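Protein sequence lines correspond, in order, to chains X and E. Note that the numbering used here has the first sequence beginning at 77, numbered continuously upward. Note that the numbering used here has the second sequence beginning at 795, numbered continuously upward. Note that the Cβ used here is the ideal one computed from N, Cα and C, for glycine as well. Predicted model, so just to flag it, every value in this text is computed and none were measured. Since the structure comes first, as structure tokens, the remarks are kept for the end.
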Amino acid sequence: MNQTLSKKLVLTLLAWFIALVVFFPIFWMILTSFKTEGEAVATPPSLFFDPTLAGYHEVMARADYVKFALNSVIVSVGSTLLALLVAVPAAYSMAFLPTPRTRGTLLWMLSTKMLPPVGVLMPIYLIFRDLGLLDSLTGLTIVYMLMNLPIVVWMLYTFFKDVPRDILEAGRMDGAGTLQEVLYLLMPLTLPGIASTGLLSVILSWNEAFWSLNLTTSDAAPLTAFIASFSSPEGLFWAKLSAASTMAIAPILILGWMTQKQMVRGLTFGAVK
Amino acid sequence: MATLELNNIVKEFGDTQVIKGIDLEVKDREFVVFVGPSGCGKSTLLRMIAGLESASSGDIKVDGQRINEVGPAERGLAMVFQSYALYPHMTVEDNMGFSLRLAGVPRAERRQKVLEAARILQLENLLDRKPKALSGGQRQRVAIGRAIVRNPSIFLFDEPLSNLDAALRVQMRIELARLHDELDATMIYVTHDQIEAMTMADKIVVLQGGVVEQVGSPMELYHHPRNRFVAGFIGSPKMNFVDVEVLDANAEGVSVRLPGGGECRVPVDGGDCRPGDTLTLGIRPEHLTLDDQGPLSGKIVVIERLGGVTSLYLDTEGGEWILMADGDVSHRVHDAVRFGFEPGRAHLFAEDGLALASLERHPLVNVERKENRASTSGDDH
Ligand SMILES: Nc1ncnc2c1ncn2[C@@H]1O[C@H](COP(=O)(O)OP(=O)(O)O)[C@@H](O)[C@H]1O
Ligand SMILES: [Mg+2]
């Protein structure tokens, strides 16, 4: 009894410790965003100071936050919907009509994530230039879709595989074609999984910086480019940069907060069913 | 209203042949049970009939029409799965009405058909529940209801009762038999449980290793098993077997030497036997009787009193035998007993396992459970 209690205590402390370590940079960034530029670079750093919104005012004055944010929303939601549209049929065929090469295909798809993106920057840049997709929302949406596709397919595959075959066969006996089977049975049954996959894809797209910095300049630039624009021209201004970053991650942080139950449920969906 | 015919059905998974050429005829409104040990290919055969699995070769015909290339839904059959396979995200009503919804049946008509099936199965007050909120027996009834709503020409059941506890299984068995009577439909039922087969079937198909061992009415299989496998599989407790030597044989009977030295003349066709041959004698536990003058003897090892009957497990010269005695026998463990049997109740099997044909057919072998309406009147609905 006593032993389990102390074990629980240790685990709780450990969890808090890890959570704090993970959260500290974000906390520090938010803190810095309310400082003046002078306080921001002071050593030792000051924990107590007069909070100011100056950083935010300046950021808002210098750039059109709403436009960047809108681009981020369009690109991350759009790429996620597109990825799901492609991944659902792909995962369906892999889960229910497997061939001896299915396993290998899945691993190969995942292995593309091991390639550093910069390795394919040149060809993709040139293709985009020739197709007129540079600095376009369409182009960035496609790149993000391709970037997340392996993970989305993989996750959907594992969720689909857990659906009892009997249920789908009963559906076929009842007269469901493949499309009806997917729409009326498979997708409702794996909805928690699909939702968390989608959320993950949105988050990954939202935070993506490499492609957005290299493929966009102004029209299609999302929030990651917005942050970057505060780090270059006249040297570093920590307070403004922090304010910009805080504004950039705020929407996704709130979304993650609101959907955390859903995320956990979806990611452990197969395990607890 | 449908007949089914299988012609030389073969199923291969890769290099392994799972179904090895099966021929079968199922009559209209017949209750046919496929029975056999686990892994013998019952489900595979049923799934080929359902259209969930394609036959490697052979013809499947419903009402004389070859349906091998027809999709599962268009075959007009309905299947009840062992796992029930209810749609977990739909209510009972939506589960039962799903096929109608897919077929584009208007809501009102759909509801009326679902209600009718629900009435037959006493599910009316559960229509708004999700499967999760139902007991095993209720889920089973919903699965059956889903089949009924489709008004199929043939019902297919794959071990529908094996997930239920024993008491419920007996109850559902009776309910299914009643349902068959009420719906007057052709039904094909798969089970590994020979009691389910015996109690429900008009016709039993015994399968083993992908081949049909015997097809016949329950009484035919019980009284005239074609071979040793069927003899051992049908009937509970299992038939007793012992090797015996032929003393004399002709077409009118076979005399054999019993363990312990006695003799017995079994009324089977022994035209192919020679004195000195070894045969296997089989006799069911319920056909052995305690008898102080009997030719066989043994010692009681275990005694099981069930009230109405008592099972005696005997250590005999022919091995361990089971004897079903009267419920009121006063014997106790370690008692030595003598017993015998009526020679007409015994079976003899040749070395290849095939039974020697009885000279007389049991009178109940061809008696059907109910008057066959299809042949006695012109009514067809
Ligand atoms: N999809 C499949 N692929 C390969 N072998 C299979 C497949 N389905 C069934 N089998 C094999 O076929 C045999 C019969 O299976 P099944 O019809 O399920 O038996 P039963 O229902 O009588 O227990 C088993 O040996 C099983 O391993
Ligand atoms: Mg089976």
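For VAL856 of chain E, write down the residues that DSSP places opposite it in a beta bridge.
-> Answer is E:LEU798, E:GLN859.
From ASP1109 of chain E to ASP1120 of chain E, what distance separates their C-alpha atoms?
-> Their Cα atoms are separated by approximately 19 Å.
Hey, quick one: how far does the beta strand (DSSP E) through LEU1073 of chain E stretch, first residue to last?
-> DSSP places LEU1073 of chain E inside the beta strand (DSSP E), whose first and last residues are 1072-1077.
Excluding five sequence neighbours on each side, which residues of the same chain lie with their C-beta closer than 6 Å to the C-beta of ILE303 of chain X?
-> Excluding the 5 residues flanking it on each side, ILE303 of chain X has same chain C-beta neighbours closer than 6 Å at ALA320, SER321, ALA324, in chain order.
MET1118 of chain E to ARG1132 of chain E span [Cα, whole Å] | Spanning the two alpha carbons is a distance of roughly 13 Å.
In three-state terms, what does DSSP make of ALA347 of chain X?
-> Any reading at ALA347 of chain X must be qualified, since the residue scores a pLDDT of 45, below 50, and its modelled position is unreliable; the value itself is stated next. In the structure shown, ALA347 of chain X sits in a helix (DSSP, three-state: H, G or I).
Any C-beta of chain X sitting closer than 8 Å to the C-beta of TYR881 of chain E?
-> Answer yes: the Cβ-Cβ gap between TYR881 of chain E and chain X drops below 8 Å somewhere.
Counted within 10 angstroms of its Cβ, other Cβ atoms place LEU85 of chain X as buried (16 or more) or exposed | Around the Cβ of LEU85 of chain X, a 10 Å sphere holds fewer than 16 other Cβ atoms; the residue is exposed.
Hey, does PHE875 of chain E have any beta-carbon neighbour from chain X nearer than 8 Å?
-> Yes, PHE875 of chain E lies at the interface with chain X (some Cβ there is under 8 Å from its Cβ).
If you measure from the beta carbon of ILE270 of chain X to each beta carbon in chain E, is any gap under 8 Å?
-> It does not: the Cβ of ILE270 of chain X has no partner Cβ on chain E nearer than 8 Å.
beta-carbon THR838 of chain E near ligand 1 non-hydrogen atom, thresh 7 Å | Because some heavy atom of ligand 1 lies under 7 Å away, the Cβ of THR838 of chain E counts as near it: yes.
With a CB to CB cut of under 6 Å and the five nearest residues on each side skipped, what residues in its chain are close to LEU96 of chain X?
-> So no residue of the chain qualifies.
How would you list, in chain order, the residues of chain X whose beta-carbon sits under 7 Å from the beta-carbon of SER893 of chain E?
-> ASP250, GLY251, listed in chain order.
Kindly give me the distance between the Cβ atoms of TRP314 of chain X and THR108 of chain X, rounded to whole angstroms, as I take these residues to be in contact under 8 Å.
-> Right, their Cβ atoms sit about 6 Å apart.
Enclosing beta strand (DSSP E) for GLN988 of chain E [first to last residue] = No beta strand (DSSP E) contains GLN988 of chain E, which is instead part of the alpha helix (DSSP H) from 988-994.
By a C-beta neighbour count over all protein chains shown, 10 Å radius and 16 as the cutoff for buried, is ILE330 of chain X buried or exposed?
-> ILE330 of chain X counts as exposed, since fewer than 16 other C-beta atoms from the protein chains shown sit within 10 angstroms of its C-beta.
Scan the region 835-850 of chain E for residues whose Cβ lies nearer than 9 Å to a Cβ of chain X and list them as they occur along the chain.
-> The residues in question are ARG841, ALA844, GLY845, LEU846.
Contact between the region 999-1006 of chain E and the region 832-840 of chain E: three or more CB pairs below 8 Å?
-> Contact between the region 999-1006 of chain E and the region 832-840 of chain E is present, because at least three Cβ pairs lie under 8 Å.
Considering only C-alpha positions, which residue in the set E:GLY1076, E:VAL827, E:PHE892, E:ALA960 is nearest to HIS974 of chain E?
-> Considering only alpha carbons, the answer is E:VAL827.
Hey, would you say LEU954 of chain E sits closer than 8 Å to LYS926 of chain E, going by beta carbons?
-> This sequence places Pro at residue 954 of chain E; Leu is not what is there. No. Outside cutoff.
Contacts of LEU896 of chain E in chain X (Cβ-Cβ under 9 Å) | In chain order: GLY247, ASP250, GLY251, ALA252, GLY253, GLN256, TYR260.
Beta-carbon proximity list for LYS316 of chain X, same chain, < 6 Å, skipping 5 on both sides | Cβ neighbours of LYS316 of chain X beyond the five flanking positions: GLY131, GLU134, VAL135, PHE306.
Using the beta-carbon count (16 or more within 10 Å), is THR156 of chain X buried or exposed?
-> So THR156 of chain X counts as buried.
Measuring CB to CB, does PHE1035 of chain E end up less than 8 Å from THR1083 of chain E?
-> Taking 8 Å as the cut-off, the Cβ atoms of PHE1035 of chain E and THR1083 of chain E do not count as close.
Hey, could you find the ends of the alpha helix (DSSP H) ALA844 of chain E is sitting in?
-> Where ALA844 of chain E is concerned, the enclosing alpha helix (DSSP H) stretches over 836-844.
Per DSSP, which residues does ARG1191 of chain E bridge with? Please list them.
-> Past the boundaries of the shown model lies residue 1191 of chain E; chain E is included only from 795 to 1175, so the question cannot be answered.
Please check if any C-beta of chain X sits within less than 8 Å of the C-beta of ALA867 of chain E.
-> Yes, its Cβ sits closer than 8 Å to a Cβ of chain X.
CA nearest to the CA of GLU1098 of chain E, picked from E:HIS1125, E:VAL964, E:GLY852 | Closest by alpha carbon: E:HIS1125.
Could you tell me which chain X residues have their CB closer than 9 Å to the CB of ALA872 of chain E, listed as they occur along the chain?
-> By Cβ distance, chain X contributes MET249, ASP250.
Any non-hydrogen atom of ligand 2 within 7 Å of GLU953 of chain E CB | At least one heavy atom of ligand 2 is nearer than 7 Å to the Cβ of GLU953 of chain E, so yes.
Using a Cβ-Cβ cut-off of 7 Å (strictly less than) and excluding sequence neighbours within five positions of THR838 of chain E, which residues of its own chain qualify?
-> Cβ neighbours of THR838 of chain E beyond the five flanking positions: LYS805, VAL812, ILE813, GLU847.
Under the three-state reduction of DSSP, which class applies to ASP975 of chain E: helix, strand or coil?
-> In the displayed model, ASP975 of chain E falls within a helix according to three-state DSSP.
Taking all protein chains shown into account, do 16 or more other C-beta atoms lie within 10 angstroms of the C-beta of HIS1018 of chain E, making it buried, or fewer, making it exposed?
-> Residue environment: HIS1018 of chain E is assigned as buried (16 or more neighbouring CB atoms within 10 Å of its CB, all protein chains considered).
Interface partners of PRO240 of chain X on chain E, CB under 8 Å | The contact set of PRO240 of chain X on chain E, defined by CB atoms closer than 8 Å, consists of SER877, ALA879 in chain order.
Going along the chain, which residues of its own chain have a beta-carbon closer than 7 Å to the beta-carbon of VAL153 of chain X, five neighbours each way excluded?
-> Counting only Cβ-Cβ distances below 7 Å, and skipping sequence neighbours, we find VAL278.
Between which two residues does the alpha helix (DSSP H) carrying HIS133 of chain X extend?
-> In the DSSP assignment, HIS133 of chain X falls within the unbroken alpha helix (DSSP H) covering 130-138.
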